[in-house]
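Enquirer: Heads up, the sequence shown is in the working numbering, so the first residue is 62 and it goes up one at a time.
Have a look at this one before I ask anything.
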Amino acid sequence: MPTLSSSAALAAVLTVDQMYDADRRTIAGGLPGLALMEAAGWAVAQEALRWLRHLPGGCPGQRGPVVVLCGPGNNGGDGFVAARLLAGRGYPVRLALSGDRAALRGDAAVMAGRWGGAVEPLDPALLDRAVLVIDALFGAGLSRPVDGVAAAVIDRVNALGLPCIAVDVPSGVQGDSGAILGVAPQCVATVTFFRAKPGHYLYPGRQARGALVVADIGIADRVLGDIAPQTFLNGPALWALPQPGWQDHKYARGHLVVLGGAEMTGAARLVARAARRSGAGLVTVAAPEETAAVYAADAPGTLVAPLAGRGSFRALLDDLRKTVYVLGPGGGVGKKLRRRVLAALAAGRHCVLDADALTSFAGDAETLFSAIAAASGQVVLTPHEGEFLRLFAADGPRLHRARKAARHSGAVVLLKGADTVVAAPDGTACITANAGPDLATAGSGDVLAGVIGGLLAQGMGGFAAAAAGAWLHAEAGRRLGPGLIAEDLAEALPDILGALR
62 MPTLSSSAAL AAVLTVDQMY DADRRTIAGG LPGLALMEAA GWAVAQEALR WLRHLPGGCP
122 GQRGPVVVLC GPGNNGGDGF VAARLLAGRG YPVRLALSGD RAALRGDAAV MAGRWGGAVE
182 PLDPALLDRA VLVIDALFGA GLSRPVDGVA AAVIDRVNAL GLPCIAVDVP SGVQGDSGAI
242 LGVAPQCVAT VTFFRAKPGH YLYPGRQARG ALVVADIGIA DRVLGDIAPQ TFLNGPALWA
302 LPQPGWQDHK YARGHLVVLG GAEMTGAARL VARAARRSGA GLVTVAAPEE TAAVYAADAP
362 GTLVAPLAGR GSFRALLDDL RKTVYVLGPG GGVGKKLRRR VLAALAAGRH CVLDADALTS
422 FAGDAETLFS AIAAASGQVV LTPHEGEFLR LFAADGPRLH RARKAARHSG AVVLLKGADT
482 VVAAPDGTAC ITANAGPDLA TAGSGDVLAG VIGGLLAQGM GGFAAAAAGA WLHAEAGRRL
542 GPGLIAEDLA EALPDILGAL R
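Shown next, in the form of structure tokens:
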């Protein structure tokens with residue numbers, strides 16, 4: 062893997078095993094594990110203090126205690142440190158341990174020895190007068206469902222609506238997938254260390270974590286060069302948008318073609334507007350002759366090419382200035398669209414394949430993948446969950462499935478959702494975390510396809526264009542908020558692009 066830029070290194074997301082590796086390398090480099098644990102517990106205590114200052118009954122000397130829930134591993138060790146530091150500031154603290162104190166090992170046992178207070182067994186009744194809970198029960202590597210008294214305690218935290226701060230991840234959240242194993246507390250904040258994990262950004266774990274604090278505990282960024290992470294938080298640190306020069310002309314910024322359908326004419330029109338707003342030099346809607354007037358009446362800056370006869374689409378492909386094709390939105394499922402997708406791929410054009418273009422290969426995905434393997438252009442597939450399942454197997458969590466699909470298909474795969482994942486065939490992937498629920502509206506995906514196509518037209522690579530498109534689309538939705546409709550999204554792009562430039 063090439064050396065990460067400083068900005069990309071900051072956006073790196075580590076798997077559970079990679080984080081263990083970062084710890085091991087740091088300790089081998091001379092920083093003791095006890096120092097790492099002390100720093101981690103200090104970061105948790107600082108976040109707890111921030112919340113306590115604003116909670117009724119949370120001041121030193123007042124009645125309600127902070128309840129620290131500790132597990133038998135290093136997460137529990139972090140909890141012992143946080144408990145000691147909070148008690149040292151005068152806060153009443155009750156500490157409960159899952160398991161036997163005598164069974165603690167390593168750094169966690171040392172930190173337990175430094176705790177001067179009582180160690181109580183886990184019991185939901187401990188929570189009845191609590192003002193704040195610190196969840197240090199189970200870490201990100203949990204592999205089985207939380208059950209027994211630990212599950213009862215977590216259920217009680219949720220039932221009482223207690224503010225809860227998680228150490229590393231909320232107990233029950235699997236760090237690599239975001240899956241909830243059994244039960245997890247609904248936290249107001251989660252304090253993790255060095256770098257976030259996929260489960261912090263993937264649902265449903267993301268919904269349980271609250272605000273995410275990534276604390277520096279002394280691990281140096283240089284360990285990333287040895288770990289070689291392939292997962293990142295999507296954002297401007299990962300990609301650079303095209304910067305127009307004073308000598309540019311419209312053809313220098315690319316000519317995009319979107320295939321318009323005979324019935325759902327709005328889809329291609331949304332694609333066209335988004336592609337133009339994202340910077341494409343020219344945009345042509347190729348539409349059935351009988352509906353060409355509908356497209357021509359939409360926007361004066363969009364070109365329209367009527368398709369009359371079987372060879373008309375081929376004639377568009379023969380024009381080498383038309384470099385990017387967005388196929389599928391409102392295109393109509395069937396053999397005609399299949400033929401056009403395969404023709405565009407064979408012609409070496411960059412392609413964004415969405416919606417009907419994907420569904421048209423349901424049951425025959427290998428034909429599409431073979432065509433992609435032979436193609437010389439960049440190819441981006443943008444399925445939602447339903448379209449994904451028409452082409453790929455449903456095995457494993459989203460990040461794993463997107464990576465596997467990209468490797469199998471040979472295309473960049475953008476798996477849409479509240480936690481959109483973009484994956485490249487080489488395993489590089491990013492998670493988009495700036496989207497809000499207001500994007501769930503008709504036509505939103507068409508705008509996304511248009512933005513990606515517009516960026517491809519300006520020379521961005523497939524992964525970068527898909528990642529940037531997903532982030533820009535999500536950012537537009539975040540800024541617009543409640544009441545947005547798909548038509549608003551493209552109009553929000555100039556301000557966002559201007560701020561980035």
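Even for Gly, the Cβ is constructed at its ideal location relative to N, Cα and C.
Remember, it's a predicted structure, so these values are computed and weren't measured experimentally.
Using alpha carbons as the reference points, say which of G530, G266 and V252 lies closest to Q235.
Expert: Translated into the one-based positions of the sequence shown, residue 235 becomes position 174. Cα-wise, what sits closest to Q235 is G266.
Enquirer: Does the beta-carbon of V210 have 16 or more other beta-carbons within 10 angstroms, so that it is buried, or is it exposed?
Expert: The residue given as residue 210 occupies position 149 in the sequence shown. It is exposed - the Cβ of V210 has fewer than 16 other Cβ atoms within 10 Å.
Enquirer: How long is the line joining the alpha carbons of D237 and P349, rounded to whole angstroms?
Expert: Counting from one through the sequence shown, the residue named residue 237 turns up at place 176. Counting from one through the sequence shown, the residue named residue 349 turns up at place 288. Between D237 and P349, the C-alpha separation is close to 47 Å.
Enquirer: Relative to the alpha-carbon of T481, which residue among G488, G497 and H469 has its alpha-carbon at the smallest distance?
Expert: Position 420 of the sequence shown holds residue 481. Answer by Cα proximity: G497.
Enquirer: Give me whichever residues DSSP pairs with H316 in a beta bridge.
Expert: Within the sequence shown, residue 316 is the residue found at index 255, counting from 1. According to DSSP, H316 bridges with L343 and K383.
Enquirer: Could you tell me which residues DSSP pairs with R256 in its beta bridges?
Expert: Reading the sequence shown from its first residue, position 195 is the one you call residue 256. Per the DSSP secondary-structure output, R256 pairs with nothing in a beta bridge.
Enquirer: By alpha-carbon positions, which one of Q291, D549 and P305 ends up nearest to L460?
Expert: The sequence position of residue 460 within the sequence shown is 399, counting from 1. The shortest Cα separation from L460 among Q291, D549 and P305 belongs to Q291.
Enquirer: For I226, I'd like the list of residues in its chain whose CB is within less than 6 Å of its CB, leaving aside the five on either flank, ordered along the chain.
Expert: The residue you call residue 226 lines up with position 165 of the sequence shown. So the list reads E108, A109, I195 and A250, once near-sequence residues are dropped.
Enquirer: At which residues does the alpha helix (DSSP H) containing T87 begin and terminate?
Expert: As a position in the sequence shown, residue 87 is number 26, starting the count at 1. From DSSP, the alpha helix (DSSP H) with T87 extends over V77 to A89.
Enquirer: When the Cα of E536 is compared with those of A269, A169, H261 and D499, which residue comes out closest?
Expert: Position 475 of the sequence shown, counting from 1, holds the residue named residue 536. If we check each option's Cα against that of E536, D499 comes out closest.
Enquirer: List the whole-angstrom C-beta distance separating G506 from H411, where the pair is believed to meet the contact cut-off of C-beta under 8 Å.
Expert: Working through the sequence shown from its first residue, we reach residue 506 at position 445. Working through the sequence shown from its first residue, we reach residue 411 at position 350. Incorrect: roughly 19 Å between the Cβ atoms, too far for contact.
Enquirer: So, do the segment 281-295 and the segment 305-316 have three or more beta carbon pairs nearer to each other than 8 Å?
Expert: No, the segment 281-295 does not touch the segment 305-316.
Enquirer: Give me the residue from L343, A148, V74 and A426 with the minimum Cα distance to A467.
Expert: If you number the sequence shown from 1, residue 467 lands on position 406. Closest option to A467, Cα to Cα, is A426.
Enquirer: Spatial neighbours of G523 within its chain, please: C-beta separation below 6 Å, excluding the five flanking residues on both sides.
Expert: Numbered from 1 along the sequence shown, position 462 holds the residue referred to as residue 523. Counting only residues of its own chain and dropping the five nearest sequence neighbours on each side, G523 has a CB closer than 6 Å to the CB of Q439, V441 and V473.
Enquirer: Buried or exposed: H310, going by 16 or more other Cβ atoms within 10 Å of its Cβ?
Expert: Residue 310 sits at position 249 when you count from the first residue of the sequence shown. With fewer than 16 Cβ atoms within 10 Å of its Cβ, H310 is classed as exposed.
Enquirer: Just to confirm my understanding: we take R145, look at its own chain, exclude 5 residues before and 5 after, and list those with CB closer than 7 Å. What are they?
Expert: Taking the first residue of the sequence shown as position 1, residue 145 is located at position 84. If we look at R145 and ignore the five residues flanking it on each side, its Cβ neighbours are R175 and W176.
Enquirer: Can you have a look at I241 and say buried or exposed, based on whether 16 or more other CB atoms are within 10 angstroms of its CB?
Expert: Mapped onto the sequence shown, residue 241 falls at position 180. I241 is buried by the Cβ-count criterion.
Enquirer: What are the partner residues of T493, as DSSP defines its beta bridges?
Expert: Here residue 493 refers to the residue found at position 432 of the sequence shown. None, per the DSSP bridge assignment.
Enquirer: Between the segment 362-377 and the segment 531-547, do at least 3 Cβ pairs fall closer than 8 Å?
Expert: no
Enquirer: Suppose you measure from the CA of F141 to the CA of L97; what does that come to, to the nearest Å?
Expert: Position 80 of the sequence shown holds residue 141. Position 36 of the sequence shown holds residue 97. Approximately 13 Å between the Cα atoms of the pair.
Enquirer: First and last residue of the alpha helix (DSSP H) that includes R270?
Expert: Residue numbering aside, residue 270 sits at position 209 when the sequence shown is read from its first letter. Annotation: the continuous alpha helix (DSSP H) that includes R270 extends over G266 to R270.
Enquirer: Would you call the CB atoms of I278 and A100 closer than 8 Å?
Expert: Working through the sequence shown from its first residue, we reach residue 278 at position 217. Working through the sequence shown from its first residue, we reach residue 100 at position 39. Contact: yes.
Enquirer: Do you know offhand how far W307's Cα is from K477's?
Expert: Taking the first residue of the sequence shown as position 1, residue 307 is located at position 246. Taking the first residue of the sequence shown as position 1, residue 477 is located at position 416. Roughly 36 Å separates the two Cα atoms.
Enquirer: Checking 8 Å against the spacing of the C-beta atoms, do G233 and I215 come in under that value?
Expert: Taking the sequence shown and counting its residues from 1, the one referred to as residue 233 is at position 172. Taking the sequence shown and counting its residues from 1, the one referred to as residue 215 is at position 154. Contact: yes.
Enquirer: List in chain order: all unbroken beta strand (DSSP E) runs of 3+ residues lying wholly within the segment 89-177.
Expert: 127-131 and 154-158
Enquirer: Using the rule of at least 16 other Cβ atoms within 10 Å of the residue's Cβ for burial, across every protein chain shown, is G119 buried or exposed?
Expert: Stepping through the sequence shown from its first residue, residue 119 is reached at position 58. At G119, the pLDDT of 49 sits below 50, so the modelled position is not reliable; the number obtained from the coordinates is stated separately. Its Cβ being crowded by 16 or more others within 10 Å, G119 is buried.
Enquirer: Do you know whose CA, among G471, L223, L377 and L294, lies nearest P185's CA?
Expert: Within the sequence shown, residue 185 is the residue found at index 124, counting from 1. Between P185 and the set G471, L223, L377 and L294, the nearest pair of CA atoms involves L223.
Enquirer: Check whether the Cβ atoms of L113 and G137 lie closer than 8 Å to each other.
Expert: Residue numbering aside, residue 113 sits at position 52 when the sequence shown is read from its first letter. Residue numbering aside, residue 137 sits at position 76 when the sequence shown is read from its first letter. No, the pair does not count as a contact, with Cβ atoms beyond the cut-off.
Enquirer: Provide the residue(s) that pair with V180 in DSSP beta bridges, ordered along the chain.
Expert: Indexing the sequence shown from 1 puts residue 180 at position 119. Under DSSP, V180 forms a beta bridge with L156.
Enquirer: So F453 is in the beta strand (DSSP E); what residue range does that whole segment cover?
Expert: Position 392 of the sequence shown, counted from the start, is the residue given in the question as residue 453. Element bounds for F453: n/a, residue is neither H nor E.
Enquirer: Please identify the residue among R334, N295, A213 and L193 whose C-alpha is closest to the C-alpha of R111.
Expert: Translated into positions along the sequence shown, residue 111 becomes position 50. Comparing Cα-Cα distances from R111 to each of R334, N295, A213 and L193, the minimum goes to L193.
Enquirer: Let's see if you can read the secondary structure: which residues bound the alpha helix (DSSP H) around H310?
Expert: Stepping through the sequence shown from its first residue, residue 310 is reached at position 249. Note, H310: premise wrong, no alpha helix (DSSP H); not H, not E.
Enquirer: Just mark A73 as buried or exposed, buried being the case when its beta carbon has 16 or more other beta carbons within 10 Å.
Expert: Indexing the sequence shown from 1 puts residue 73 at position 12. By the 16-neighbour rule on beta-carbons within 10 angstroms, A73 is buried.
Enquirer: Within 10 angstroms of its Cβ, does K396 collect 16 or more other Cβ (buried), or is it exposed?
Expert: Along the sequence shown, one-based indexing puts residue 396 at 335. Exposed is the call here.
Enquirer: In or out: G122 buried (at least 16 other Cβ within 10 Å) or exposed?
Expert: One-based indexing of the sequence shown puts residue 122 at position 61. Its pLDDT being 49, under 50, G122 is placed unreliably by the model, and nothing is read from it.
Enquirer: Classify V230 as helix, strand or coil using the three-state DSSP reduction.
Expert: As a working note, residue 230 is residue 169 in the sequence shown. Shown here, V230 sits in coil according to DSSP, grouped into three states, outside any helix or strand.
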